[in-house]
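Working notes, beginning with the structure itself.
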Ligand code: BGC
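Structure follows, in C-alpha cells:
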C-alpha cells in the first residue's frame, strides 16, 4: 500500500479498531477452551474483543498462526492482518549458542549468520517479528539475563547488535523470508542494582549515554523494525512511561522511526511501580511517552477510550502509533500477502537443515573459551585412555534458557559428539546437574533432580573409581540452563554443591583432569581452576554443542573464543568489568596489605579471575610493540596504531587483536582502559600479520563536565594485545 492508502485506512478506522491495533495479546487468549483465566483475565478486555488485537505473541507453527490470523481478520472491520511475534533469541529449531557466547566470537559474521538462520527458520514457520536482539549492556554476573546479551563492552555490543539486526532482517526492505527485529530492552535493563531481576537501575546520564545507549543506537542505525521498552526505572522513572527517554532520546535523538512496544505488562506495572494510580493513568503515561504497542496489559484497549473521551489524551497520539504499526505491516507485506508462509513447502526445508546444523557447529566452536591448558592437556588424542564423567556428558538441555521452541531431543550431547570421533567412549554421570531433590522453575519447563542423596553418593563414588582407572579425566560440569535467563538471578554463582562434591571426589581419584563448563553467565570457578589442568568454557552451545565440543577436545577445531564478560574472582566482586573508572585510590593487585587505604578488598584481589577479552588457543601468538604513525594528533586527523602478530606455535589459529584506550587526563573520571576496536585474524604456524588500527578523534570522545560529547586534548595510551589486561602500550597526544 502507498503511504496515502495507509493514511486513508487509518482515517476510516473506529477508535476501538485503532486501540485493537495498539494491542498485543498472548496466543493463549485464542486457546478457546473454557473461561478466560490468568493474565488474560487481568487484561480487562472482553474475550470477544481479543480478535481485534493488532499483534499476537508466542504462537508458533504455520497452521496455528493461520487459524488465529483468520479469526482476527474476520472479526476486524478492515480485515487488518495481525503481526505474529515470538522470542526467537538464539535459534528457532536449530539452536545456536546463547548471545553471551556469541559475543565471545568477536565476529560480526557469526552474529549475522546466527540471526539469519534463526530468522529464516522462524519465518518459514509463519512468524513475522522476533523479540531479539537483546543488546542490553551487562556487567553483573548475578543477573540471569546476561546470557541474552553479548556482554560488557559497548564497542563489542554495538557491532554485534548491528550484525544481529542485519542477519535477522536480511537484505530486502520487505524482509521477505526473514523476520523483523525487535531490539530490546530500552533502556539499560542490563544494569539492575545488585544483579537482581527487574530491579531499579541507577545510572548517571553520562554512563547511560556513553556506554549503554550505544548498542541500541547501532541497532536503530541497522534498521531494527521495532524496539521494546524495559521493565526498569531510569532516574526513578519507569522506562515504559518515560517520555524523556522514549520520545526525547529514542525517537528525537537516536532517530528511531519504527514501532515501540512495551515489555510484557510493563504498562500495567506502572501501577506496581507506584507511579500510576491505576491502569488508566498507566495508559496515559505510556502513550504520552510514545509507546505504540501494549504487550499484554490491556491498558490501551480497556482504558484509552475514556482518556480520549474526556480529553486527557488526544486521539492524534493514538493515530500516530497506529500509523507506525500499519506501516510496519505494510513493510512486512502483510496486506498483500497476509499469510507469509505461502511458500511453506520450500521454506519447510529451512528447519534444522544440514547447512544450518553445520553453521551452528562451527559457530559454537568459535564461542568456546579455553581458560587454562596446562601441559597442553588439550587437545586429546583419539587413542587416549580417558574417563568421561559428569552430569553434562549426556545432557540434552544445552540450548539456553530462552530456546523453548527448539527440540532439546535434537541436540547433540557431549558424549554423542565424542563418540562420533571415538566410538567406544563411555561416560559416567556422577551426579545430577542440580542438587538432589532440587527443582528450578522456568517459563515453560521446570527441572528437578530426582536422584536421592544416597543414590548420588553412590554414583559419585562410582565416578571416582572410574576416574582412577583411566589415565585422564574429562569432566563436564555447570549450572543448569534454568538457573539463567529471565528470573534467573543468583547470589551464589558457583556450580551446584553436588557437582563440587563430584569434582572433589574425581580429583582425589585422578588429578589428571580437564573440565568443560556449561554456563549462562560468568561463574565463580575458583575451585575448578585450582583442580583442573584444562578448562573449556562452553556456555550453552545449542543443538550442535556436543559436536562442537568434541571438535575442540580432539583438535579438529582450535579454540578462539575470548571472554565477552569478565569472569569474576567471586560473587563479592560483582559487578567487575574491564572499563572501571579511575578513583582517587586506584590499586593494582599486589599492593602491600599494610597499605590499607586503597581501593581494594582485604580478602580478594581486584582483578577478575579471567579478564574480559581473555581466551587461549592451541597455538601461541606473539605481539610486537605498538607502533604509532604519529605521536601528535591534530583534530580531524587520524593516526595508525599497528602491531605485528605472529603465530609462534604449531597449529593454525585465530586471534582477536584488541585495542584499548586510556584517556590520561580529562575533565571527568574516565575508564582505566576501554575496548575501542578489535580485529580477528587467522594465522598459519609461523605466519605473521601486521594489524593496523585507525584512531580518530571520534574514538576519544566522551561527555565532558557540561555534557558535551567531545575529545579533550592531552595524552592517550593505546594498548594492543590479546586481552584487556595486556600491557603492550604506546602514548600519543591530541593537540588543542
Ligand atoms: C521479557 C521479554 C520478552 C517478553 C515476551 C518478557 O518477560 O522481558 O524479553 O520478549 O517477555 O515473551
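In the numbering used here, the protein residues as written are 2 to 737. Ideal placement from N, C-alpha and C gives every residue a C-beta, glycine not left out.
- For residue 295, the shortest C-beta to heavy atom distance toward the ligand BGC is 7 Å or greater.
- One residue list follows from the rule of a beta carbon closer than 5 Å to any heavy atom of the ligand BGC, given in chain order as 88, 132, 264 and 265.
- A straight-line Cα-Cα distance of about 14 Å links residue 209 and residue 194.
- Relative to the Cα of residue 354, the nearest Cα in the group 670, 368 and 121 belongs to 121.
- Residue environment: residue 275 is assigned as exposed (fewer than 16 neighbouring CB atoms within 10 Å of its CB, all protein chains considered).
- In terms of CA proximity to residue 264, 185 leads the group 323, 141, 185 and 215.
- Residue 513 sits in coil when the DSSP states are folded into three classes, being neither helix nor strand.
- Spanning the alpha carbons of residue 5 and residue 321 requires a straight line of approximately 14 Å.
- Within the same chain, and ignoring the five residues on either side of residue 577 in sequence, the residues whose Cβ sits closer than 7 Å to its Cβ are 567, 569 and 609.
- By the C-beta density criterion, residue 155 is buried, having at least 16 other C-beta atoms within 10 angstroms.
- Taking a contact as a CB-CB distance under 8 Å, the pair residue 25 and residue 56 counts as one, their CB atoms being some 4 Å apart.
- Judged by their CB atoms, residue 554 and residue 416 are not nearer to each other than the 8 Å cut-off.
- Proximity of the stretch 230-241 to the stretch 142-156 falls short of the contact definition, fewer than three beta-carbon pairs being nearer than 8 Å.
- No Cβ-Cβ contact shorter than 8 Å links residue 487 with residue 430.
- For the beta strand (DSSP E) assignment, the uninterrupted runs of no fewer than 3 residues enclosed by the stretch 316-388 are, from N- to C-terminal side, 370-374.
- Distance from the Cα of residue 482 is smallest, within the candidate group 509, 518, 507 and 511, for 518.
- Separation of residue 502 and residue 559 (C-alpha to C-alpha, rounded to the nearest whole angstrom) is 31 Å.
- Residue 570 carries a coil assignment under DSSP once its states are collapsed to helix, strand and coil.
- Apart from the 5 residues on each side of it in sequence, residue 660 sits with its Cβ closer than 6 Å to the Cβ of 677, 678, 694 and 721 in its chain, given in chain order.
- Note on the stretch 214-282: whole beta strand (DSSP E) runs with a minimum of 3 residues are 227-230 and 260-262, in chain order.
- A residue is called buried when at least 16 other Cβ atoms come within 10 angstroms of its Cβ; residue 293 meets this threshold and is buried.
- Counting only residues of its own chain and dropping the five nearest sequence neighbours on each side, residue 581 has a CB closer than 7 Å to the CB of 672 and 673.
- Straight across, the Cα-Cα distance linking residue 667 with residue 735 is about 12 Å.
- For the set 478, 397 and 219, the Cα lying nearest the Cα of residue 137 is the one of 219.
- Look at residue 12 here: in three-state DSSP terms it is helix.
- If you check the CB distance, residue 283 and residue 272 come in under 8 Å.
- Residue 469 places its beta carbon 8 Å or farther from that of residue 513.
- Every unbroken stretch of the beta strand (DSSP E) spanning 3 or more residues and falling wholly within the stretch 39-127 is given here in chain order: 56-58 and 84-87.
- Residue environment: residue 708 is assigned as exposed (fewer than 16 neighbouring CB atoms within 10 Å of its CB, all protein chains considered).
- Under the 8 Å Cβ criterion, the stretch 79-95 counts as touching the stretch 107-121, having at least three qualifying pairs.
- By the Cβ rule, the stretch 452-460 does not count as touching the stretch 522-530, because fewer than three pairs are nearer than 8 Å.
- Excluding the 5 residues flanking it on each side, residue 716 has same chain C-beta neighbours closer than 6 Å at 665, 732 and 734, in chain order.
- Across the set 81, 447, 508 and 699, the C-alpha of 508 shows the shortest separation from the C-alpha of residue 476.
- Rounded to the nearest angstrom, the gap between the Cα atoms of residue 390 and residue 504 is 10 Å.
- With contacts defined by Cβ atoms closer than 8 Å, residue 654 and residue 550 do not form a contacting pair.
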